[in-house]
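Report on the following structure.
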Amino acid sequence: MNKGFLLFEVLIAMVILVVGITMVLKSFNTSITTVKSLREYSDASYLLDEKALELELYGPQKIGYEGSFEGRFSGFSWKIDADSLSVIWGPQASAKSLSVLTYVVNNAK
1 MNKGFLLFEV LIAMVILVVG ITMVLKSFNT SITTVKSLRE YSDASYLLDE
51 KALELELYGP QKIGYEGSFE GRFSGFSWKI DADSLSVIWG PQASAKSLSV
101 LTYVVNNAK
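The UniProt record's numbering numbers the first residue of the sequence shown as 1 and each following residue consecutively.
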């Protein structure tokens with residue numbers, strides 16, 4: 001009777017161990033996904049600031065109304081509407097974006 005009870009305890013301990021390891025691995029996966037998403041938002045914020053500065057300095061006539069970034073940021077594009085500047089990234093079906101309202105003063109003399 002003691003041998004059967006010991007086997008049952010080992011089985012329960014293994015189930016608890018497997019469930020625990022599964023949860024730890026799932027939390028690692030979630031953490032990696034979150035870090036990737038935060039990096040994308042950080043990059044988008046940087047690109048948005050950069051493009052907003054260009055818009056302020058040169059105006060939309062000189063930089064255009066939409067385009068793509070190059071190099072490390074080749075997965076990002078940008079678009080200027082009448083009232084907003086947006087940075088877009090990711091696959092077209094599930095694209096993410098970060099936008100800011102813009103006010104352009106025409107300093108042309």
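Note that beta-carbon positions come from the ideal geometry of N, C-alpha and C, so glycine has one too. Bear in mind that the values here come from a model prediction, so they are computed numbers and not experimental data.
Proximity of residue i and residue j at Cβ, strictly below 8 Å
i, j, result
"Ala44", "Leu85", "no"
"Ile80", "Leu101", "no"
Separation of residue j from residue i, as counted between CA atoms
i, j, result
"Leu7", "Leu17", "15 Å"
"Leu47", "Val19", "42 Å"
"Leu53", "Lys26", "41 Å"
"Tyr65", "Thr34", "31 Å"
"Thr30", "Ala13", "26 Å"
"Phe28", "Leu11", "26 Å"
"Lys36", "Arg72", "15 Å"
Among the options, nearest to residue i - alpha-carbon criterion
i, options, result
"Ile63", "Arg72, Lys51, Phe73", "Lys51"
"Ala95", "Gly75, Ile12, Leu101", "Gly75"
"Ser68", "Ile32, Tyr58, Gly90", "Gly90"
"Ser77", "Ile88, Asn29, Gly71", "Ile88"
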